[in-house]
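Under our numbering, the first residue of the sequence shown is numbered 100, with each subsequent residue one higher. Ideal Cβ placement from N, Cα and C applies to all residues, glycine included. The structure under discussion appears below in the form of structure tokens.
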Amino acid sequence: MGNFKGHALPGSFFLLFGLWWSVKYPFRYLCQGRKNIYLGSKAGFQRLEFTEGIIKVVFALIGMMAEQFVPDGPHLKLYNNEKKQWNCLMNWQHATMYLFYGISGLVDIVTHSTNVLPEALGRMMLSLAVFVEGFLFYYHIQGRSMLDFHVHQLLLITIFGGTLCIFLEVFFHNSIVLEMFRTSLCILHGSWFWQIGFVLYPPSGSTEWNQVDHNNIMFLTMCYCWHYAITLLIMGVNYTLYNKMNFGKRRLNIGKIDGILELVFAFNVLSHIKITILSFITDEECVMI
Numbered sequence: 100m101g102n103f104k105g106h107a108l109p110g111s112f113f114l115l116f117g118l119w120w121s122v123k124y125p126f127r128y129l130c131q132g133r134k135n136i137y138l139g140s141k142a143g144f145q146r147l148e149f150t151e152g153i154i155k156v157v158f159a160l161i162g163m164m165a166e167q168f169v170p171d172g173p174h175l176k177l178y179n180n181e182k183k184q185w186n187c188l189m190n191w192q193h194a195t196m197y198l199f200y201g202i203s204g205l206v207d208i209v210t211h212s213t214n215v216l217p218e219a220l221g222r223m224m225l226s227l228a229v230f231v232e233g234f235l236f237y238y239h240i241q242g243r244s245m246l247d248f249h250v251h252q253l254l255l256i257t258i259f260g261g262t263l264c265i266f267l268e269v270f271f272h273n274s275i276v277l278e279m280f281r282t283s284l285c286i287l288h289g290s291w292f293w294q295i296g297f298v299l300y301p302p303s304g305s306t307e308w309n310q311v312d313h314n315n316i317m318f319l320t321m322c323y324c325w326h327y328a329i330t331l332l333i334m335g336v337n338y339t340l341y342n343k344m345n346f347g348k349r350r351l352n353i354g355k356i357d358g359i360l361e362l363v364f365a366f367n368v369l370s371h372i373k374i375t376i377l378s379f380i381t382d383e384e385c386v387m388i
């Protein structure tokens with residue numbers, strides 16, 4: 100969907116996954132070798148991966164349905180015989196992106212519920228899904244205005260960086276460094292989708308961005324770095340919460356874990372809100388007309 104909601108929807112999906120990963124991977128890393136913690140065990144972690152696969156499929160279906168059946172969508176009609184032209188190709192491209200993430204989710208489900216597929220295949224499929232998104236976006240933005248092209252070009256940096264990182268995870272399985280790098284790019288991926296929405300489709304009453312002002316290009320490039328700085332801060336706080344409060348003395352109990360998880364969850368919800376506010380502030384106050 101070429102509107103604000105069309106960017107906020109996938110942005111929210113990526114933010115939710117990224118914020119969840121910023122909790123999950125430090126927890127697993129710091130729980131290694133602690134048999135008394137179910138979620139830190141291989142069986143517990145496989146259960147989480149299986150659940151993630153289901154959520155990924157559900158998100159993909161929601162995205163595809165939204166792209167196809169919005170009022171001005173194609174409604175599963177690829178070609179308009181009356182007008183002799185392709186029908187809503189932008190929506191079809193977006194739906195194709197969601198499709199590959201859905202396939203990735205299905206592979207995760209099969210991988211972590213049976214012994215039919217190797218675990219590395221899940222990472223390979225996710226890498227392909229992210230690559231397909233970038234591949235379609237690359238040709239999706241040709242011929243756009245200068246500002247439109249630039250904000251999507253910054254998104255492509257994140258996408259192809261994520262593709263490479265996830266591909267490396269195929270060969271370096273359970274590498275906390277690669278997992279945390281992927282997590283940071285996923286959060287940035289989501290927050291920048293929101294930023295693009297505010298820039299190209301400002302909410303009613305907001306200031307319109309000058310599409311040809313080079314100062315806007317400079318500001319948004321800097322703003323992209325701010326988004327990543329906030330992402331690193333979120334991840335650092337999550338890791339510190341676990342390390343200091345849960346594992347500093349190397350002692351755990353169930354009540355304490357629940358309390359920490361609730362605290363981290365609340366922090367990540369606030370982080371999501373802060374990222375959205377940052378996007379809104381840059382739209383309202385920092386535009387060079």
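- The beta carbon of N342 is closer than 8 Å to those of P125 and L129 in its chain, skipping five residues each way along the sequence.
- Listed as beta-bridge partners of N214 by DSSP are no residues whatsoever.
- Beta-bridge pairing by DSSP links Y178 to W185.
- Put simply, the stretch 108-116 touches the stretch 151-167. At least three CB pairs are less than 8 Å apart.
- H211 counts as buried, since no fewer than 16 other beta carbons sit within 10 angstroms of its beta carbon.
- Going by C-alpha positions, M334 is about 8 Å away from S283.
- Bounds of the alpha helix (DSSP H) holding N314 are H313 to T339.
- With contacts defined by Cβ atoms closer than 7 Å, Y178 and N186 form a contacting pair.
- Note that the stretch 295-304 does not touch the stretch 111-121; fewer than 3 beta-carbon pairs, one per stretch, sit closer than 8 Å.
- Note on D207: 16 or more other CB atoms within 10 angstroms of its CB, so buried under the neighbour-count rule.
- In this structure, the alpha-carbon of M189 lies about 36 Å from that of H272.
- Per DSSP, the unbroken alpha helix (DSSP H) holding W119 starts and ends at F103 to C130.
- Comparing alpha carbon positions, the residue from Y238, T195, H239 and F230 closest to I258 is F230.
- For F297, the enclosing alpha helix (DSSP H) covers residues I275 to L299.
- A straight-line Cα-Cα distance of about 42 Å links G221 and E307.
- Here F271 carries a coil assignment [DSSP, helix/strand/coil].
- Residue burial is scored here from C-beta neighbours: A194 has at least 16 other C-beta atoms within 10 angstroms and is therefore classed as buried.
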